[in-house]
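All residue numbers for the sequence shown refer to the working numbering, where the first residue is 58 and numbers rise by one.
This report concerns only the one structure given below.
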Amino acid sequence: MNRRHQHTPWQEPESRAAIPDPPVPAPANNHRRQLINAAWKLAALAACSTGALAVVSAYGGLGGGSDSAPPAPPPAGAPRAVVLTSALSSPWGFAFLPDGRIVVTQRRGTMVIVSADGTTKSAPLSGVPAVDSAGEGGLLDVAIDPDFEIDPWVYWTYAESGSGGSGTAVARGRLSGTALVDVQVIFRQLPKVSGEGHFGSRLVFRSDKTLYVTLDERAEERPAQDLTTHLGKVIRIERDGSVPTGNPDLGGTARPELWSLGHRNPQGAALHPTTGELWLVEHGPQGGDELNRVTPGGNYGWPVKSYGCSYGAPVGTACRIGGGTHAPTYIEPVSYWVPTSIAPAGLVFYTGAGFPEWQGNAFLGALAGQALWRVVLSGATEVSREQLFASLGERIRCVRQGPDGWLYLLTDSGKLIRIER
Ligand SMILES: [Ca+2]
């Protein structure tokens with residue numbers, strides 16, 4: 058087996074969440090919430106008999122996995138998870154439409170629209186080009202045009218087959234009912250390469266309506282430092298794919314759309330709410346997952362430096378790639394995870410009113426790590442971090458904040474979950 062593919066998240070079973078979902082979706086009022094909580098408690102008790110875990114509390118209120126003691130209820134007001142739907146098929150990315158509905162990509166190549174309360178799911182949208190869904194590829198992230206109400210463009214990333222293999226691409230189409238029309242491919246990662254690992258990718262609109270795209274290194278490693286390729290880079294493009302002004306000058310042979318380099322497999326990205334800067338999370342090899350603040354022209358070190366180790370290396374610090382330390386040549390991560398990879402996916406800075414204690418914190422999902430991570434920051438310095446909802450036992454693929462101010466999670470098992478109180 059290719060050593061670079063040994064930890065790929067899709068190789069893990071997607072059947073960990075053997076817990077029945079609540080019988081009704083989103084709670085509309087306190088009475089329904091009580092019904093849902095009762096259903097979850099029953100599910101938790103049932104799950105305990107099979108050794109599985111269940112939880113609705115961020116801190117394990119209904120979990121614990123003990124066969125002898127009944128689970129304790131979550132503390133009043135504690136953040137809790139409500140499953141809005143579990144009817145999605147390997148969902149990967151989602152985005153809120155102005156009317157509150159949610160566009161969801163499903164990795165094998167379909168896009169659907171879910172109602173705001175999760176109770177209904179549309180037929181697959183027509184017009185989505187064919188995707189290469191082998192390995193970690195497929196239909197990936199989705200974003201809504203900042204001017205959607207004027208011109209209803211939807212943007213998405215996907216693995217595209219072509220000469221030389223496959224690569225990440227960005228397309229857009231106008232949403233008309235359940236159709237995407239006027240579909241255009243606005244960007245293609247070059248070169249396309251063989252292999253089924255590391256396609257990234259996330260889409261983030263800046264306040265100036267240009268588009269950041271985070272691009273993996275396709276498990277090729279070295280090209281992440283090669284400015285003539287798009288592998289292992291963040292790019293910044295206009296909505297039609299053209300190159301905007303203001304990108305960093307990286308030298309004569311550099312591709313003009315490049316924004317930063319030296320990334321491995323960035324599967325989460327978000328704008329910082331006060332600085333407007335792009336931040337991202339990327340997978341390390343064996344350990345070395347990173348939360349990064351992205352600066353224009355910044356080099357994040359892969360594959361020269363990593364706090365992780367090559368696959369198969371003994372656990373420890375001696376095996377860290379390039380010694381681990383990035384500075385002064387490369388940019389240090391804000392936070393990193395060792396010795397085990399959590400496989401981060403999805404990133405958001407919380408700005409909602411529902412959790413005042415979480416204001417300005419970064420939240421990222423974990424696939425292999427099966428948790429929602431909360432990182433408390435002071436500027437670009439980590440103050441503390443903790444994992445939440447680990448007892449859900451879900452591979453969390455995407456994290457966003459909804460227009461209602463709650464956090465929303467997408468899981469590989471097919472769930473859309475709202476974190477509320
Ligand atoms: Ca790095």
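Glycine is no exception: its CB is placed at the ideal position from the N, C-alpha and C atoms.
Alpha carbon of residue i to alpha carbon of residue j, nearest angstrom
i: T286; j: E217; result: 16 Å
i: S441; j: V432; result: 6 Å
i: T374; j: A236; result: 52 Å
i: S521; j: R158; result: Because the chain spans 58 through 478 in this model, residue 521 falls outside it and cannot be assessed.
i: N349; j: F244; result: 24 Å
i: E477; j: P136; result: 6 Å
i: V250; j: P390; result: 28 Å
i: G184; j: G234; result: 12 Å
i: C455; j: L466; result: 6 Å
i: V199; j: G355; result: 25 Å
i: P413; j: L429; result: 18 Å
i: I207; j: L232; result: 12 Å
i: G345; j: V395; result: 6 Å
i: V188; j: V261; result: 21 Å
i: A423; j: A400; result: 5 Å
i: R164; j: V270; result: 18 Å
i: V238; j: R259; result: 22 Å
i: L434; j: A191; result: 37 Å
i: V211; j: P371; result: 45 Å
i: G219; j: P248; result: 10 Å
i: G436; j: Y387; result: 19 Å
i: T468; j: A144; result: 11 Å
i: D204; j: E274; result: 31 Å
i: E295; j: G134; result: 43 Å
i: K178; j: G254; result: 30 Å
i: P342; j: S367; result: 6 Å
i: Y215; j: G298; result: 15 Å
i: F420; j: D202; result: 23 Å
i: A115; j: I453; result: 14 Å
i: P385; j: S264; result: 30 Å
i: N418; j: P148; result: 25 Å
i: K494; j: G230; result: Since the first residue shown for the chain is 58 and the last is 478, residue 494 is missing from the structure and cannot be characterised.
i: G411; j: E278; result: 41 Å
C-beta contact flag for residue i and residue j at 8 Å
i: T162; j: L196; result: yes
i: Q241; j: A228; result: yes
i: H530; j: G289; result: Lying outside 58 to 478, the shown extent of the chain, residue 530 is not represented and no answer is given.
i: G381; j: S398; result: no
i: G365; j: I378; result: yes
i: P360; j: V338; result: no
i: P301; j: R312; result: no
i: Y407; j: L464; result: yes
i: F446; j: A138; result: yes
i: S392; j: V351; result: no
i: T142; j: G166; result: no
i: S223; j: G194; result: yes
i: G471; j: L404; result: no
i: S169; j: I474; result: Ser is not the amino acid found at residue 169; the sequence shown has Val there. In this structure, I474 does not lie closer than 8 Å to V169 by Cβ.
i: L315; j: L268; result: no
i: E18; j: Q427; result: Nothing can be reported for residue 18: it is not among the residues displayed for the chain, which extend from 58 to 478.
i: G252; j: A276; result: yes
i: H383; j: G358; result: yes
Endpoints, the beta strand (DSSP E) within which residue i is located
i: L232; result: 222-233
i: L260; result: 260-262
i: Y215; result: 210-219
i: G381; result: Unbroken run through G381: none, as it is neither H nor E.
i: W359; result: Neither: W359 is in no beta strand (DSSP E) and is coded neither H nor E.
i: A326; result: 322-328
i: F244; result: 236-245
i: H340; result: 335-340
i: Y393; result: 392-394
i: R350; result: 346-351
i: S317; result: 315-317
i: V270; result: 268-271
CB contact check: residue i to chain D, cutoff 8 Å
i: S264; result: Protein chains in the displayed structure number just one, and chain D is not present.
beta-carbon residue i near ligand 3 non-hydrogen atom, thresh 7 Å
i: H255; result: Ligand 3 is absent from the structure shown, which contains only ligand 1.
With a cut-off of 8 Å, do at least 3 Cβ pairs link the segment 297-309 to the segment 324-337? No, the segment 297-309 is not in contact with the segment 324-337.
Specify whether the segment 141-155 and the segment 450-460 touch according to this definition: at least 3 beta carbon pairs, one from each stretch, less than 8 Å apart. A contact exists between the segment 141-155 and the segment 450-460.
Quick check for students: name the residue ranges of the beta strand (DSSP E) that lie wholly in the segment 406-475, counting only runs of 3 or more. Scanning the segment 406-475 for uninterrupted beta strand (DSSP E) segments of 3 residues or longer gives 419-423, 428-435, 438-445, 453-458, 464-468, listed from N- to C-terminal end.
Kindly provide the ranges of any beta strand (DSSP E) runs that are 3 or more residues long and lie completely inside the segment 285-313, ordered along the chain. Entirely contained in the segment 285-313, the beta strand (DSSP E) runs reaching 3 residues are, in chain order, 291-294.
Would you mind listing the alpha helix (DSSP H) stretches within the segment 130-196 that are 4+ residues and don't spill past its ends, in chain order? Qualifying alpha helix (DSSP H) stretches: none in this window.
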